[in-house]
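>
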Amino acid sequence: MKERITPHLQRLIARGSTAIREQFKKKRGYVDRSDFDDDPLGEETRYSPVKGLVHKFGNRVLFKVSYRCAAHCRFCTRFRQIGTSDGDLSTEEMHKCMAYIAEHGEIDDVILSGGDPLYTPRDTKVILEELAKIPHVKVIRIGTRFPVHSPDSFKSKLVKDLLHAVRIVAKKKVMFVSIHVNHPDELAPNVIRAIRLIEKTRAILVCQTVFLKGVNNGVAVLEDLFKKLYHLRIRPYYIYHCDKAKGISRYVCSLKQERRIMTELRKRLSGLAYPMHVVDIPQGRGKVPVPLDFWNGNSRKVVDFDGTVVKI
Ligand code: SF4
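Read in our numbering, the sequence shown has 46 at position 36, and its numbers run on one by one without any break.
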């Protein structure tokens with residue numbers, strides 16, 4: 011994956027944000043672990059009925075709009091694809107995706123992903139408008155990191171037009187916008203202004219985060235992040251154990267450390283500010299919640315927030 015960093019992120023790096031630097035700059039002399047997979051979630055090999063779609067779970071389908079993003083996160087699960095034209099969909103391929111969804115009445119929830127759907131606003135607008143016509147599609151979610159990568163692009167006409175389309179579709183369908191944020195440094199003032207524009211569409215805002223070694227694997231930094239998101243009316247939804255994709259092993263934290271952090275955070279944060287910690291099981295078996303350290307084996311004993319063992 012080529013290094014690609016927007017002027018906005020360059021400014022944050024120049025001001026001294028090591029968290030941003032770690033996520034976007036190539037590391038000199040870095041050698042990746044060789045046993046990680048190119049396609050750890052089995053998206054290409056097992057679950058793609060037509061180009062652009064991943065259909066793993068009965069009622070939900072992932073719609074990959076492209077493999078293009080404003081900036082390239084060096085921990086991306088789709089490391090080998092991001093920034094290439096491999097995921098670009100022709101008009102015919104887009105129609106095939108729509109036909110598949112229209113023919114599968116069990117699909118009520120479509121997740122637009124990529125790449126970043128907001129980076130290709132023209133295509134995403136068309137997809138959104140077509141999905142809005144399918145009666146059994148009740149929920150549409152857009153996963154994006156565009157406000158974090160390129161907040162000033164929200165002034166462009168194409169992005170404004172897309173947000174207008176989201177607003178219209180949100181009157182007919184349940185719309186979610188899931189913003190990917192990993193560190194409080196990412197919530198710069200212009201990013202918050204961009205988020206406010208998304209909020210005006212009336213889409214429900216949630217956040218997804220990835221545990222990243224050297225970026226956010228500490229209690230204080232995540233407490234700060236989740237509180238800030240909560241105060242911005244963004245519900246922290248998932249925090250992922252980093253996928254084991256080829257090229258990104260430097261970011262993978264130990265699950266033991268992640269559990270310790272999440273257990274401590276559970277004591278400090280409201281349930282509404284606290285995301286579910288999950289591991290996306292290799293080869294597409296789903297997002298499995300990681301247990302916290304409050305349960306004492308299979309016994310009916312739990313460890314209370316203050317460390318007291320309580321029988322229930
Ligand atoms: S925005 Fe998402 S899809 Fe794009 S490089 Fe970053 S993690 Fe990957």
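Backbone N, C-alpha and C define an ideal beta-carbon position, used for all residues, glycine too.
Just so it is clear, the structure is predicted and the values come from calculations on it, not from any experiment.
Could you tell me which residues DSSP pairs with M185 in its beta bridges?
As a working mapping, residue 185 is identified with position 175 in the sequence shown. I150, per the DSSP bridge assignment.
> Pick out whichever of G125, I121, F89 has its Cα sitting closest to the Cα of K66.
As a working mapping, residue 66 is identified with position 56 in the sequence shown. Of the listed residues, the one whose Cα sits closest to K66 is I121.
> If we count the other Cβ atoms within 10 Å of its Cβ and call it buried at 16 or more, is Q267 buried or exposed?
Here residue 267 corresponds to residue number 257 of the sequence shown, with the count starting at 1. Q267 should be labelled exposed.
> Just to confirm before moving on: does the CB-CB distance between A81 and I15 stay below 8 Å?
Along the sequence shown, one-based indexing puts residue 81 at 71. Along the sequence shown, one-based indexing puts residue 15 at 5. Against a cut-off of 8 Å, the Cβ pair of I15 and A81 comes out as a contact.
> Could you have a look at L222 and say whether DSSP puts it in helix, strand or coil?
Taking the first residue of the sequence shown as position 1, residue 222 is located at position 212. Three-state DSSP puts L222 in coil, outside helix and strand.
> How is G281 classed by DSSP in three states: helix, strand or coil?
On the sequence shown, residue 281 is found 271 positions in, with the first residue counted as 1. In the structure shown, G281 sits in a helix (DSSP, three-state: H, G or I).
> Please indicate yes or no: does the CB of R155 lie closer than 7 Å to some heavy atom of ligand 1?
By one-based count along the sequence shown, residue 155 stands at place 145. Yes, since a heavy atom of ligand 1 falls inside the 7 Å radius drawn around the Cβ of R155.
> Exposed or buried, which one is A7 when buried takes at least 16 other CB atoms within 10 Å?
With the chain running from 11 to 322 in the structure shown, residue 7 is simply not present.
> Going by DSSP, what residue range makes up the beta strand (DSSP E) through P299?
Position 289 of the sequence shown holds residue 299. Start and end: 296-299.
> Taking R70 as part of the beta strand (DSSP E), name the residues at either end of that continuous run.
Against the sequence shown, residue 70 aligns to sequence position 60. Here the beta strand (DSSP E) through R70 covers 70-74.
> Under a three-way DSSP split, which group does A255 fall into?
The count along the sequence shown starts at 1 and reaches residue 255 at position 245. Three-state DSSP puts A255 in a strand.
> How far does the beta strand (DSSP E) with M286 in it extend, from its first residue to its last?
Here the question's residue 286 lines up with position 276 in the sequence shown. 286-291 is the span of the beta strand (DSSP E), which, as asked, contains M286.
> Just to confirm, does R88 get its C-beta within under 7 Å of one of the non-hydrogen atoms of ligand 1?
Taking the first residue of the sequence shown as 1, we reach residue 88 at position 78. True, at least one ligand heavy atom lies under 7 Å from that Cβ.
> Can you determine whether any heavy atom of ligand 1 sits closer than 7 Å to the C-beta of C79, and answer yes or no?
Translated into positions along the sequence shown, residue 79 becomes position 69. Yes, Cβ of C79 sits closer than 7 Å to a heavy atom of ligand 1.
> Counting C-beta neighbours from all protein chains within 10 Å, is the total for R88 16 or more, i.e. buried, or is it exposed?
For the purposes of this step, residue 88 is identified with residue 78 of the sequence shown, where counting begins at 1. Flag for R88 reads buried.
> Under three-state DSSP, which class holds P131?
In the sequence shown, residue 131 corresponds to position 121, counting from 1. If DSSP states are grouped into helix, strand and coil, P131 belongs with the helices.
> Just to confirm, are L22 and D195 a CB contact at a threshold of 8 Å?
Mapped onto the sequence shown, residue 22 falls at position 12. Mapped onto the sequence shown, residue 195 falls at position 185. Taking 8 Å as the Cβ cut-off, L22 and D195 qualify as a contacting pair.
> Can you tell me the Cα-Cα spacing of V64 and V75, whole angstroms?
As a first step, residue 64 is located in the sequence shown; it is residue number 54 there, counting from the start. As a first step, residue 75 is located in the sequence shown; it is residue number 65 there, counting from the start. In a straight line, the C-alpha of V64 is about 11 Å away from that of V75.
> Provide the residue(s) that pair with L215 in DSSP beta bridges, ordered along the chain.
Taking the sequence shown and counting its residues from 1, the one referred to as residue 215 is at position 205. L215 pairs with V187.
> So, F186 versus I205, is the Cβ gap smaller than 8 Å?
Stepping through the sequence shown from its first residue, residue 186 is reached at position 176. Stepping through the sequence shown from its first residue, residue 205 is reached at position 195. The answer is no: Cβ separation not under 8 Å.
> If you count every other CB in all the chains shown that lies within 10 Å of the CB of S166, and 16 or more means buried, which is it?
The sequence position of residue 166 within the sequence shown is 156, counting from 1. So S166 counts as exposed.
> Within 10 angstroms of the Cβ of G296, are there 16 or more other Cβ atoms? Answer buried if so, exposed if not.
If you number the sequence shown from 1, residue 296 lands on position 286. Exposed, since its Cβ has fewer than 16 Cβ neighbours within 10 Å.
> Take the Cβ of I249 as the centre, count every other Cβ of all protein chains shown within 10 Å, and call the residue buried at 16 or more, exposed below.
As a working note, residue 249 is residue 239 in the sequence shown. With 16 or more Cβ atoms within 10 Å of its Cβ, I249 is classed as buried.
> Among D162, L222, K183, which one has its Cα closest to the Cα of N200?
Your numbering for residue 200 matches position 190 in the sequence shown. Considering only alpha carbons, the answer is D162.
> Checking the sheet assignment: what are the DSSP bridge partners for P246?
Residue 246 sits at position 236 when you count from the first residue of the sequence shown. In the DSSP output, where bridge partners are listed per residue, P246 has C217.
> In the DSSP assignment, find the unbroken beta strand (DSSP E) run with F361 in it and report its ends.
The shown model of the chain, from 11 to 322, leaves out residue 361, and the question about it has no answer.
> Touch check for the region 26-46 and the region 222-237: three-plus C-beta pairs under 8 Å?
These segments touch.
> Between V184, V262, P131, V60, which lies nearest to E102 when the distance is taken from Cα to Cα?
The count along the sequence shown starts at 1 and reaches residue 102 at position 92. Ranking V184, V262, P131, V60 by Cα distance to E102 puts V60 first.
> Taking 8 Å as the cut-off, decide whether the C-beta atoms of L197 and E233 are in contact.
Taking the first residue of the sequence shown as position 1, residue 197 is located at position 187. Taking the first residue of the sequence shown as position 1, residue 233 is located at position 223. No. Outside cutoff.
> Verify whether the separation of the beta carbon atoms of D126 and T154 is less than 8 Å.
Within the sequence shown, residue 126 is the residue found at index 116, counting from 1. Within the sequence shown, residue 154 is the residue found at index 144, counting from 1. In contact: D126 and T154 (Cβ atoms closer than 8 Å).
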